[in-house]
Structure formats: structure tokens, C-alpha cells
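**Student:** One structure coming up, written as C-alpha cells, with questions to follow.
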Amino acid sequence: MAQKIVTVYTDDLTGQESEEVQAHSFSLDGVNYEIDLVSENYDRLFDALAPFISSGRKLSRTKGSSRPRGALADGPTAEELRAWARENEYQVNDRGRVPASIREAYEKAH
722 MAQKIVTVYT
732 DDLTGQESEE
742 VQAHSFSLDG
752 VNYEIDLVSE
762 NYDRLFDALA
772 PFISSGRKLS
782 RTKGSSRPRG
792 ALADGPTAEE
802 LRAWARENEY
812 QVNDRGRVPA
822 SIREAYEKAH
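Note that the numbering used here numbers the sequence shown so that position 8 is 729, with each residue one more than the last.
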């Protein structure tokens, strides 16, 4: 039996499918968020936040904020998940969100 895994990149704001979707993170009131957006919607987000960014004070990174993007607070980074997936014969793309099925398989294996 053959298995084919298809990864679809979807803009979280519009639901639009695109190969150009990228993950972006931001924080508000101590809560970290990540959103997958096409460049047009990222520009909209940046434009909306620009007046607040220019008026705000930049803080240094805290101990918990130094993990790479795509990392869960208590889990592996996206890069670590991709490496594990490839070693275990899963197909995974080089960028974008790691599919939940691969995260689940990783958790079961560990």
C-alpha cells in the first residue's frame, strides 16, 4: 500500500490556499500568537500594528522568548520535528506549519 501526504498551506485570516503562506508571531499582554498569512495579509497586520510599534518601547528578549519560531513551549522546534519526520519516512515540507499528524506521531514515539 502506498501513502501520499499532501500539505496544504492556508492563510489563517482568509482561508486562502497558497504556497506563499508563512508563519508570523506576535505577542500581546504576555500571550504569544502565531498566524499563517500570505504576504498581502501580513502587510495588513503590519500596517495595523505600525503606529503602536513606532510608539512603543522595544523590550529585550526574556528567557522564554528565545526559542525559535515554530517551537511549542514544552516541545520540539519545527526543525526538530521535520528532522524526526524525515528519519521516520514521513513527507514534510521545508517551511510552513508542521502538520498536526506529524506532531502527534512524534508525541506517540516519545
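Glycine is no exception: its CB is placed at the ideal position from the N, C-alpha and C atoms.
Compare the C-alpha of residue 829 against each of 739, 818, 802 and 816 and name the closest.
**Tutor:** Closest by alpha carbon: 802.
**Student:** Between the Cα of residue 723 and the Cα atoms of 751, 780 and 810, which residue gives the shortest distance?
**Tutor:** Closest by alpha carbon: 810.
**Student:** Can you list, in chain order, the residues of its chain whose CB lies under 8 Å from that of residue 820, leaving out five sequence neighbours each side?
**Tutor:** Cβ neighbours of residue 820 beyond the five flanking positions: 726, 728 and 813.
**Student:** In the DSSP assignment, the beta strand (DSSP E) including residue 749 goes from what residue to what residue?
**Tutor:** That run of the beta strand (DSSP E) goes 743-749.
**Student:** Are the CB atoms of residue 763 and residue 745 within a distance shorter than 7 Å?
**Tutor:** Contact flag set, yes.
**Student:** Which residue comes first and which comes last in the beta strand (DSSP E) that contains residue 770?
**Tutor:** No beta strand (DSSP E) contains residue 770, which is instead part of the alpha helix (DSSP H) from 760-776.
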